[in-house]
Structures are given as C-alpha cells and as structure tokens.
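See structure below.
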Amino acid sequence: MTPHTVRIWDLPTRLFHWALAACVIGLVITAKVGGNAMEWHFRLGYAVLALLVFRVVWGLIGGRWSRFSAFLYSPARLVRYLRGNAHPEDNAGHSPLGALSVFALLAVLGAQVGTGLLSDDEIAFAGPLTRFVSNTVVGQATGYHKEIGQYLVLGLVALHVLAVLFYVLVRKHTLVRPMLGGDKALPVPATPSRDDALSRALALVVLAGSAGLAWWVSSLAMAAGF
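One point on numbering: in the UniProt record's numbering, the residue at position 107 of the sequence shown is 107, and numbering is uninterrupted.
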C-alpha cells in the first residue's frame with residue numbers, strides 16, 4: 001500500500017511543542033537550584049503562560065489537526081481504540097489515548113502556572129497575583145505549586161515520554177519526525193493542516209497577543225514592588 005504524505009502538524013504547533021518542552025525542563029531545573037535561579041523560574045513561568053494561552057487559541061483556529069475538535073474523542077471511540085478497532089484517522093494526529101495525555105498536560109501545566117502566580121516563598125519571591133487574594137489562598141496555592149502540582153507535572157511528562165517511546169519502539173509509529181518536519185506518512189488519505197504564510201502570520205499575531213498578556217501579568221508584580 002502506497003503511503004500518503006500529509007501535513008499534519010503546522011509550524012506554529014511544532015514550535016509550540018518544542019518551546020514548551022524546553023521551558024518545562026528549565027522550570028524544573030531552576031526550581032531545584034533555587035536562589036537567584038528563581039528569577040529565571042519566574043521568566044520561564046511567564047513564557048509558559050504565553051505558550052498555553054497561544055495553544056488554547058490555536059486549538060480553536062489553528063491547522064486541522066491542531067484544533068481541539070480534531071482530537072476531542074468520545075468515550076466509545078476511546079474504548080474502540082483501546083480494543084484495537086481504531087478509526088482510520090485515529091493515528092493521523094493525536095490518537096484517542098494521546099489526546100487524553102495532551103489535555104491532561106495542558107490542564108496540569110495551567111494549574112501549575114496559575115498557582116505559581118499566586119505563590120509566595122516568604123523570602124524573596126512572590127507571584128504577581130498574591131496581592132489580590134487572601135493569605136489563606138496564597139498558602140494553599142504555594143503548597144500545591146511546590147508539592148502536588150510539581151509531582152503531577154513530572155509524572156505526566158514522564159508518562160508522555162514513555163508513551164512516545166512505546167509507540168515508536170514497540171508499535172513502530174513515527175511520532176517524533178512529524179513533530180519536526182510536519183508531514184506524516186499515512187495508510188489512507190487525510191485532510192492536511194493548513195500551514196501557509198497566512199496561517200503562520202496569524203499565529204504570530206496570536207503569539208504576540210499571548211506574550212502581551214503574560215507581560216501584563218508580570219507587570220503586576222513590578223507595580224507592587226516585588
């Protein structure tokens with residue numbers, strides 16, 4: 001059977017994926033190092049905030065396979081996939097199982113960034129939103145951010161990496177190459193993602209708006225004198 005080469009991941013989605021991975025690694029390292037590295041921890045946190053906002057918007061208007069509607073599967077379809085009765089398009093973009101991983105990571109990272117904005121180490125660093133909530137909320141957010149949230153992020157990232165290795169090494173699926181080049185060889189034809197100059201320009205506008213929002217949030221800390 002002749003494979004069909006299809007553009008699955010548009011350039012903005014690919015850049016988001018690798019930028020988010022780099023930022024998460026940097027966040028883990030800076031959190032463990034502490035001290036002056038916390039300055040970079042905050043900067044990377046704002047970068048992740050911008051990336052997450054971008055991904056939410058791009059999940060609504062981005063390329064065909066980057067849209068949430070493309071991998072928002074029903075429970076019945078997930079069960080069929082797990083039983084080996086996959087739909088022909090289940091492995092084009094995110095599979096039903098992979099979709100759960102994506103949504104879980106976005107949710108957990110969102111919670112981690114959100115609680116980070118509300119955290120206070122009571123020494124030198126405080127999130128920009130701490131002045132808008134009570135000390136009780138700050139304490140709860142700080143506890144979650146340092147304990148539960150941190151381990152949830154590490155656990156989900158580890159599961160994500162292990163799942164990719166399983167699909168690549170055991171099921172012989174090509175997952176990494178399409179996230180680098182964008183194209184994927186499929187056994188059946190599929191609608192390609194739009195990935196032209198206009199869509200990339202739109203992504204830049206969305207990213208600029210997302211970065212502007214993250215900058216505004218960070219400016220709240222400067223306004224408070226943190």
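Note that the Cβ used here is the ideal one computed from N, Cα and C, for glycine as well.
Item, Value
"Proximity of residue 203 and residue 58 at Cβ, strictly below 8 Å", "yes"
"Among 136, 100, 218 and 87, nearest to residue 187 - alpha-carbon criterion", "87"
"Which listed residue (34, 44 and 37) has its alpha carbon closest to that of residue 21", "44"
"Own chain partners of residue 116 with C-beta closer than 7 Å, once the 5 adjacent residues on each side are dropped", "45, 127 and 145"
"For residue 156 and residue 162, the rounded distance between their alpha carbons", "10 Å"
"Length of the line joining the Cα atoms of residue 220 and residue 101", "33 Å"
"Residues near residue 226 by beta carbon distance below 6 Å, same chain, minus five either side", "Low confidence applies to residue 226: its pLDDT is 46, below 50, so where it sits in the model is not reliable, and the reading given next is rough at best. Correct list, in chain order: 126."
"Limits of the unbroken alpha helix (DSSP H) element including residue 43", "37 to 61"
"Residue closest to residue 76, alpha-carbon to alpha-carbon, out of 180, 69, 181 and 85", "85"
"Exposed unless 16 or more other CB atoms sit within 10 angstroms - verdict on residue 135", "exposed"
"Residue-chain proximity (residue 213, chain D), Cβ-Cβ < 8 Å", "Absence of chain D from the displayed structure is noted, only one protein chain being present."
"Identified DSSP bridge partners for residue 171", "Answer is none; residue 171 lacks a bridge partner."
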